[in-house]
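Chemist: Numbering (the UniProt record's numbering), first residue to last: 1 to 230.
This is how it looks when you write it as structure tokens:
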């Protein structure tokens, strides 16, 4: 058995686009293919439909009009989203198994689909580091706060560097970006460092934004005790 080949690169499309997400595997003894949807605000998977090659595909009621399942053969299939709407934005998973019940299903990695709302323009993030508060105890830990704001859609990841080297210890980032109608998305990340490090080192927050075709970094840096942007 080889894992399912499901493109994991995000897809960002305009409203009304027809979207095809393909899935394939090498397990010929796993003829049943299933498709699931996972909304951002829901950790559970919702079954869209399932089917074998050379037979009618089965749909859950709410998905039958908007989605189409196709099968090329026993190891290849696709999910088609007709005239995609912003409400179709989600992560889509395919899975394969022996038959409809009683057997373990093998899942692909998931494809994140974002359908752009025609009311909003694609916009890059503005990144700003807020230095530690002067109220923090002088010889204790210091907290730097990175705020990325004003971006759309919400395909971003946040990382921290100290003197140009990636760090993960002491980092806490919001699970999801927050939407505000008038100011688009924002996300916050915090970095806790020692007072000694804060006095002598350079701190950079990098926000990587997927613009629909590639990944672009946007960053801000502060240096030393003064906390001045550089």
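We put the CB at the ideal spot given by N, CA and C, even for glycine. Just so you know, these numbers come straight off a predicted model, no measurement behind them.
One question on the structure: do residue 78 and residue 22 come within less than 8 Å of each other, judged by their Cβ atoms?
Modeler: For the purposes of this step, residue 78 is identified with residue 78 of the chain shown, where counting begins at 1. For the purposes of this step, residue 22 is identified with residue 22 of the chain shown, where counting begins at 1. Yes; because the gap between Cβ atoms is below 8 Å, this pair is in contact.
Chemist: Under 8 Å, with one C-beta from each stretch per pair, do the segment 80 to 89 and the segment 177 to 191 reach the 3-pair mark?
Modeler: No, the segment 80 to 89 does not touch the segment 177 to 191.
Chemist: Using only alpha-carbon positions, find the residue among 36, 72 and 76 that is nearest to residue 63.
Modeler: Translated into positions along the chain shown, residue 63 becomes position 63. The candidate whose alpha carbon is nearest that of residue 63 is 36.
Chemist: What residue from 218, 164, 154 and 217 has the CA that sits closest to residue 10's CA?
Modeler: Numbered from its first residue, the chain shown carries residue 10 at position 10. Distance from the Cα of residue 10 is smallest, within the candidate group 218, 164, 154 and 217, for 154.
Chemist: Please confirm whether residue 232 and residue 203 have their CB atoms less than 8 Å apart.
Modeler: Outside the displayed range of the chain (1 to 230) lies residue 232, so it cannot be described from this structure.
Chemist: Measure the C-alpha to C-alpha separation of residue 20 and residue 73 and round it to an integer number of angstroms.
Modeler: Within the chain shown, numbered from 1, the residue matching residue 20 stands at position 20. Within the chain shown, numbered from 1, the residue matching residue 73 stands at position 73. For the pair residue 20 and residue 73, the Cα-to-Cα distance works out to about 16 Å.
Chemist: Per the DSSP calculation, residue 107 is bridged to which residue(s)?
Modeler: Along the chain shown, one-based indexing puts residue 107 at 107. Bridge partners of residue 107: 95.
Chemist: My output table needs one value for residue 172: the three-state DSSP class, helix, strand or coil.
Modeler: What you label residue 172 is simply residue 172 of the chain shown in a count that begins at 1. In this structure, residue 172 counts as strand in the three-state DSSP scheme.
Chemist: Measuring straight from C-alpha to C-alpha, what distance separates residue 222 and residue 198?
Modeler: If you number the chain shown from 1, residue 222 lands on position 222. If you number the chain shown from 1, residue 198 lands on position 198. Spanning the two alpha carbons is a distance of roughly 10 Å.
Chemist: Just to check my reading of the structure: residue 120 and residue 92 have Cβ atoms closer than 8 Å, yes? What is that Cβ distance to the nearest angstrom?
Modeler: Looking up residue 120 in the chain shown gives position 120. Looking up residue 92 in the chain shown gives position 92. Not quite, the Cβ-Cβ distance comes to about 22 Å (not below 8 Å), so this is no contact.
Chemist: For residue 103, I'd like the list of residues in its chain whose CB is within less than 6 Å of its CB, leaving aside the five on either flank, ordered along the chain.
Modeler: For the purposes of this step, residue 103 is identified with residue 103 of the chain shown, where counting begins at 1. 97.
Chemist: Compare the Cα-Cα distances from residue 190 to each of 196, 167 and 200 and report the closest residue.
Modeler: Here residue 190 corresponds to residue number 190 of the chain shown, with the count starting at 1. Ranking the options by Cα distance to residue 190, first place goes to 167.
Chemist: For the candidate residues 163, 161, 188 and 126, whose alpha-carbon lies nearest to that of residue 172?
Modeler: Working through the chain shown from its first residue, we reach residue 172 at position 172. Here the closest residue by C-alpha is 188.
Chemist: Please report the residue range of the beta strand (DSSP E) in which residue 88 lies.
Modeler: Looking up residue 88 in the chain shown gives position 88. Per DSSP, residue 88 belongs to no beta strand (DSSP E) and is neither H nor E.
Chemist: Looking at residue 14: is its Cβ nearer than 8 Å to the Cβ of residue 116?
Modeler: Position 14 of the chain shown, counted from the start, is the residue given in the question as residue 14. Position 116 of the chain shown, counted from the start, is the residue given in the question as residue 116. Against a cut-off of 8 Å, the Cβ pair of residue 116 and residue 14 comes out as a contact.
Chemist: So which of 220, 193, 52 and 69 has the shortest CA-CA distance to residue 126?
Modeler: In the chain shown, residue 126 corresponds to position 126, counting from 1. Ranking 220, 193, 52 and 69 by Cα distance to residue 126 puts 220 first.
Chemist: For residue 76, which residues in the same chain have their Cβ closer than 6 Å to its Cβ, ignoring the five residues on either side in sequence?
Modeler: For this step, residue 76 is matched to residue 76 along the chain shown. Around residue 76: 24.
Chemist: Beta-carbon separation of residue 34 and residue 95 under 8 Å?
Modeler: Position 34 of the chain shown, counting from 1, holds the residue named residue 34. Position 95 of the chain shown, counting from 1, holds the residue named residue 95. Cβ atoms of residue 34 and residue 95: closer than 8 Å.
Chemist: Within the continuous alpha helix (DSSP H) that includes residue 148, where are the two ends?
Modeler: Counting from 1 along the chain shown, the entry for residue 148 is found at position 148. Looking at the DSSP string, residue 148 is not in any alpha helix (DSSP H); the run it does join, the beta strand (DSSP E), is 142 to 151.
Chemist: How many angstroms separate the CA atom of residue 123 from the CA atom of residue 66?
Modeler: Residue numbering aside, residue 123 sits at position 123 when the chain shown is read from its first letter. Residue numbering aside, residue 66 sits at position 66 when the chain shown is read from its first letter. Roughly 28 Å separates the two Cα atoms.
Chemist: Alpha carbons only, please: which of 131, 213, 140 and 176 is nearest the one belonging to residue 205?
Modeler: Translated into positions along the chain shown, residue 205 becomes position 205. Sorting 131, 213, 140 and 176 by C-alpha distance to the C-alpha of residue 205 places 131 at the top.
Chemist: If you draw a straight line from the C-alpha of residue 41 to the C-alpha of residue 176, how long is it?
Modeler: Along the chain shown, one-based indexing puts residue 41 at 41. Along the chain shown, one-based indexing puts residue 176 at 176. Rounded to whole angstroms, residue 41 to residue 176 spans 9 Å at the Cα level.
Chemist: Under DSSP, the beta strand (DSSP E) around residue 197 begins and ends at which residues?
Modeler: For this step, residue 197 is matched to residue 197 along the chain shown. Unbroken run through residue 197 is the alpha helix (DSSP H), 195 to 200; no beta strand (DSSP E).
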